[in-house]
Every structure is written in structure tokens, then in C-alpha cells.
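Residue numbers (our numbering), protein chains in the order written: chain A, 119 to 202; chain B, 9 to 155.
Note that the Cβ used here is the ideal one computed from N, Cα and C, for glycine as well.
This structure is a prediction, so every number in the text was calculated from the model and none was measured.
Below, the structure written as C-alpha cells:
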């Protein structure tokens, strides 16, 4: 199955792309994507603890199962607004 | 109205979006780009967002406010891209029957925005270094200024 994976902020900058299509095996979860990214950028694993994931614009866990056409995103710690 | 924009935020749009005949108060909040963080001079900020999810999460915050205070007129806008010192990055408007609830709800909206809305700030310092900021620490340091 194919899913779209989107990268923002530090992920966007470090991976040097804002999104890509990934071909995943049936039964794949968010974890499957995280493992694959780790192969390309090992240091990313250090940030998994503080990073969140989303599937179809909703926060998800690493165990969330994926289906064809899903839009997955890596969500680094959010810092909108201002510091007040 | 819940919106991610690349345009200058004047506040008129959020103000108009919450107009309601039962309102006795409109609380309007602007977040602006400060010229320093903890004393270190800032050159400018760059904001990036995940627009569809950000707008969905803003709408959820408005639903939370509706549940907590019975206030049904909330609007939020956040700007993305390069913002200079003094420019408005975020605007929140809340119209309520009485001001006390409006102030509380506006404060709540900003607190929640900073927790759940996927928007990121990249601080470019006056000395040319840059970093992605995270809520209580620096997420990724010593990146080059982008051209």
C-alpha cells in the first residue's frame, strides 16, 4: 500500500524534503515508517521521545495501523504563537 | 474562522469573524515577534505549519471553549513564513456575553494552541545562527541561516 509521509520543521530541514510517498507492506503501522527513517537518519531516533505522529490530521501512536492513501506526518514539538 | 495565512495579520478578520449580537465583550489577542529571547538578539522568525491539521486543531480548541464556557464565537489565525520584529504571528478573538469569561477563554485558547496546534518556530539570531525552538528547550541547535 502507498501512504504519504509529511515532514515539518526540523524533520523537513534535516531530511531535505517536505513529503514523500512510501510503499509499505500490508499491516504496516506508524512504527514501520519510523524504523525506515531511522535507517536514513539514525539521529532521528533521539527525537522520537519528544516527537508526535499524526495520521489523517489526528494525533496517532506508533501502533496505529495504516491503510492505503493515509497521510502520515512527523510532528516535532509544536511552538506556535509567542512565549507568553 | 480558523486559518493559517502567509498574509499580514491586522486583526480585522478575526474581529469580524466573532461578531455576534449576544456579545458584550470581544477579547482580541495578538502574539508579536520579540527582538530577543532571554536577552539574545533575534533577527527574525520563520514559522512553518501543517495547515489542514492546524486549522482542525484550532477548531477543536473552539469546541473545548464552547464546552467549558458556553462561548461560541472564537476565531484564530496564525501566520507562516518569515516574520520581522514587531509583526503579528498569531491573533485570537473571543466574543462573549461578559468580559471575565472572554479573557479566560482567550488565555485558554493560546495555551492550547501552543500545546496541540502543529506550528513551528525557527529562530534566526542576530549573529546568523538559527534553531528550531521547542517549548522548554532548544530542539535543534546551530543550524545555518537559510537564504
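Under 8 Å, do residue i and residue j count as touching if we go by C-beta distance?
i, j, result
"residue 117/B", "residue 25/B", "no"
"residue 159/A", "residue 132/A", "yes"
"residue 40/B", "residue 132/B", "no"
"residue 57/B", "residue 105/B", "no"
"residue 52/B", "residue 92/B", "yes"
"residue 122/B", "residue 141/B", "no"
"residue 107/B", "residue 13/B", "no"
"residue 27/B", "residue 77/B", "no"
"residue 85/B", "residue 99/B", "yes"
"residue 9/B", "residue 83/B", "yes"
"residue 190/A", "residue 168/A", "no"
Which partner residues of residue i appear in the DSSP bridge assignment?
i, result
"residue 81/B", "103/B"
"residue 53/B", "91/B and 131/B"
"residue 36/B", "101/B"
"residue 122/A", "139/A and 189/A"
"residue 13/B", "87/B"
"residue 182/A", "Its beta-bridge partners do not exist; DSSP assigns none."
What is the residue span of the beta strand (DSSP E) that residue i lies within?
i, result
"residue 173/A", "170 to 173"
"residue 58/B", "Note, residue 58/B: premise wrong, no beta strand (DSSP E); not H, not E."
"residue 166/A", "Looking at the DSSP string, residue 166/A is not in any beta strand (DSSP E), and its letter there is neither H nor E."
"residue 176/A", "176 to 178"
Out of the options, which has the shortest C-alpha to C-alpha gap to residue i?
i, options, result
"residue 181/A", "160/A, 189/A, 171/A and 164/A", "171/A"
"residue 31/B", "134/B, 141/B, 81/B and 49/B", "81/B"
"residue 35/B", "138/B, 139/B and 110/B", "110/B"
"residue 79/B", "33/B, 17/B, 37/B and 47/B", "33/B"
"residue 120/B", "64/B, 103/B and 137/B", "64/B"
"residue 144/A", "192/A, 157/A, 128/A and 184/A", "184/A"
"residue 194/A", "121/A, 177/A and 147/A", "177/A"
"residue 187/A", "197/A, 139/A and 130/A", "139/A"
"residue 126/A", "179/A, 192/A, 156/A and 150/A", "192/A"
"residue 148/A", "198/A, 197/A, 179/A and 199/A", "179/A"
"residue 70/B", "15/B, 47/B and 11/B", "11/B"
Locate the alpha helix (DSSP H) running through residue i, then write down its first and last residues.
i, result
"residue 133/A", "127 to 133"
"residue 24/B", "20 to 25"
"residue 151/A", "148 to 158"
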